[in-house]
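One structure is given here, and the rest of the page talks about it.
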Amino acid sequence: MYAPIGPYVIERRLAIGGMAEVYVAHRKGPHGFSKKVALKRILPQFAGDPDFVSMFIDEAKLAASLHHPNVVQVFDFGEHGGELFLAMELVEGTNANKLLRTLSALRQTLPLDSALYVAAQTARALAYAHRLADDQGNLLGFVHRDVSPANILLTASGHVKLADFGIAKITRQTPRTEDGHVRGKLGYMSPEQVMGKSVDGRSDVFTLATVLAELLIGEPLFGTGRELDVLVRIRDVDLSVLARHRSKIPKDVRRLLDGCLVRNPADRPSAAELAEGCDEIRRRRGMSHGPERLARILQALDLVEPRYGLDDDGPKTALVNTSLLSPAAEQLVRDVGVTSPQIYRVRFADGREQGPMSFPKLVQLVTSGRVHGGTLIGKEGAPFVPAQDFPELTRFVTSPALQWRLEELARAEASGSLDAGTLLPIAFGLVRDRRTGVLHLWDGERRKKIYFVEGRPEFIGSTDTRELFGEWLVEHGYCYRMEVEMALALLPRYGGRLGDALVGLGVMRPMELFKAITAQVRDRFLEAFRWRRGRWAFVPDARSHEETFPLGDSAFVLLREAVAAAHLTELEATLAPLWERLVERCPEPLVPTSAFDLPSSWLVVLDALGRRPTTPGALFAHTRALGIEPEVAYRALTLAISCGLVVPVA
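Numbering of the sequence shown is given in the working numbering, commencing with residue 2 and proceeding in unit increments.
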């Protein structure tokens, strides 16, 4: 039982920080009046520290002057038993820090529209504070200086409020915090804060952009580890983590982040401009959802109690816009929920068992080659039977393209070692001769199959879980992980086809799905050319029997793209045996140079070679004098030699 603090009855402790603690309390008045508040007081051991007491008083004065819907309101300030207390608006909900931790544990990120909504509302609170003026109209120069996820409060109704002005300052006053110490939470400071320089409102813009980036990528923007290392990364504006996730973030959002996350404060937008930038992206993308959608997400993640008129009979997830669903699809969402039930067990040939697991996890084991048609599966406690007996697994255990047994290799027409630089001439031969069949690649447990139809790559299978279609869609920003989980849970109802499930749910449009599948096949094809070891074998006349989509570009252009993306060591491995040998343009190549649609710089290299036979080393020296970088010459000559455009002199 807590003793009262002034006129406030303490119900429970809400949180405790380094120097203060917050309680849920209420103040009773006449005629049954009662007001519940968040009561903040200095920890007893710091109550006698004059500097901290002065800071606490400054916070009370500053916060009391703020009146904005996105700012936590201050109701009362007083003293009890020699201890100061601050009574504030009690925000029932959670905060962005808890949201980030929950999403990270689920390997998810916040949907783009909700992330932009949170950032825009927080930016509006900052813009209001930054524009505060005295009675004469002079700007006070207010700076929050602690815009961290823990201080961005999210109400159960989906509204956003900025809290904790304990280290905020007004630049027109003599700041008590300019004592050589870094103020702010680790990972959420601007470069000028880290270096102890003076700050203005654009420092808050930098830290809010940091929070927005983390909501979109699901990990700390400036990494973790030693405090000094994090501070150095902030000082240097090291955005390598963001660069690693850039494919997940739409270009317009990346431009917004890039403009905020710059070293020079003068180059950053104001908080008002950041808010408008977030809202403009939402308007342009037709993202009309606001607090209701955020409230549903918080509720789906069990971060808030169901309330505020949210329909408990509605969809179990807020990440799929059910207004886009057909009635039948919406009913599926209601029936299945967010995830597939974990009702399957697998018994491997050596007697090991794995599970219980969900249907998507079981499919992943099948498509990655660890489970096949004869593997024993148990469902909902029933006896184990072969996987091929389950109707929901029929497509996965009968499709040749999704099977990884090795019997097919007995019909291989040709095979060999797979080293750096060896795949390109093999693939060129299949394309040139318009072959139909499957090219197997394997390296230990890693396997890939490239199906060719009359010389064109048609379908690529892979055991690499990172190349699964759902993972690829999330990685490239086509949809969110929870949306993929929803679709995976519905696979049995869509014949095992993830794309059909996503379209049926309204997550993707058919044309968007078509483009995504085409792009994924292209990526899988190009990835094969990065293999530097393993084995290969070509089985003629094998077909995938899977639904396929044309890649658009010619197969020869794809080979050029493979060379353009190849690592330099692969290029060197191809050219090393010919480095001191004379080479020349083939006078009558089986495939004309024009078929590859070469960049002009590559054509300069080949044209230089066309005058007379020379060695690659001498050619590179000559083309460099023409302004061509050595790496460009490497790529042009690698393609030309591998595809018969250039040949050694006999």
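For every residue, glycine included, the Cβ atom is placed at its ideal position computed from N, Cα and C.
Predicted model, so just to flag it, every value in this text is computed and none were measured.
Applying the criterion that 16 or more other CB atoms from any shown protein chain within 10 Å of the CB defines a buried residue, is residue i buried or exposed?
i	result
T624	buried
G416	In the sequence under discussion, the amino acid at residue 416 is Ser, which differs from the Gly named in the question. Its Cβ having fewer than 16 others within 10 Å, S416 is exposed.
R636	buried
R177	Because the pLDDT of R177 is 40, which lies under 50, any placement of that residue in the model is unreliable, and the question is left without a value.
W405	buried
G496	exposed
G94	buried
T575	buried
M512	exposed
D135	exposed
V432	buried
Q46	exposed
F86	buried
P192	buried
S204	buried
L559	buried
Y3	exposed
K198	exposed
T175	Bear in mind that a pLDDT of 38 at T175, under 50, signals an unreliable position, so the model cannot answer this.
E455	exposed
Helix or strand or just coil, what does DSSP make of residue i?
i	result
T466	helix
D77	strand
T175	Because T175 carries a pLDDT of 38, less than 50, the predicted location of this residue cannot be relied on, and no value is offered for it.
I250	coil
S158	coil
G153	For the record, residue 153 in the displayed sequence is Ile; it is not Gly. If DSSP states are grouped into helix, strand and coil, I153 belongs with the strands.
V305	coil
K450	strand
A21	strand
M512	helix
V183	The pLDDT assigned to V183 is 44, lower than 50, so where the model puts this residue is not dependable, and the model offers no usable value.
V238	coil
T615	strand
A415	strand
V148	coil
P45	helix
Q194	helix
V564	helix
V263	coil
A124	helix
T323	Note that T323 scores 39 on pLDDT, short of 50, meaning its location in the model is unreliable; the coordinates nonetheless yield the value given after this. Correct three-state label for T323: helix.
L604	helix
L599	coil
P493	helix
V592	coil
Report back the beta-carbon spacing between residue i and residue j to the nearest angstrom; my notes put them in contact at under 8 angstroms.
i	j	result
F526	I451	6 angstroms
G374	Q389	4 angstroms
S35	K41	Wrong, their Cβ atoms sit about 19 angstroms apart, outside the cutoff.
A543	E409	7 angstroms
L304	T103	6 angstroms
A276	A124	4 angstroms
V206	R269	5 angstroms
V161	V119	5 angstroms
Where do the ends of the alpha helix (DSSP H) carrying residue i lie?
i	result
V504	499–506
P357	No alpha helix (DSSP H) holds P357; the beta strand (DSSP E) holding it covers 354–358.
I218	202–218
L640	631–643
A65	51–65
E281	272–285
V432	424–433
V485	482–490
V1	Residue 1 lies beyond the stretch modelled for the chain, which goes from 2 to 651, so this question has no answer here.
Tell me which residue opens and which closes the beta strand (DSSP E) that residue i is part of.
i	result
D444	438–444
T95	94–96
F539	536–541
A577	Where A577 is concerned, there is no enclosing beta strand (DSSP E), given that its DSSP letter is neither H nor E.
R586	584–586
Who pairs with residue i in a beta bridge, going by DSSP?
i	result
H27	V10, K37
P140	Here residue 140 is Leu; the residue named in the question, Pro, does not match the sequence. Answer is A134, bridged to L140.
K380	Y345
P387	L377
I461	I451
E90	V38
V72	L163
Tell me whether residue i counts as near the ligand FAD, meaning its Cβ is closer than 7 angstroms to at least one heavy atom of that ligand.
i	result
P31	Only the bare structure without any ligand can be found here, which leaves the ligand FAD out of the picture.
Kindly indicate if chain D contains any beta-carbon less than 8 angstroms away from that of residue i.
i	result
G219	In summary, chain D is missing from the structure at hand, where a single protein chain is found.
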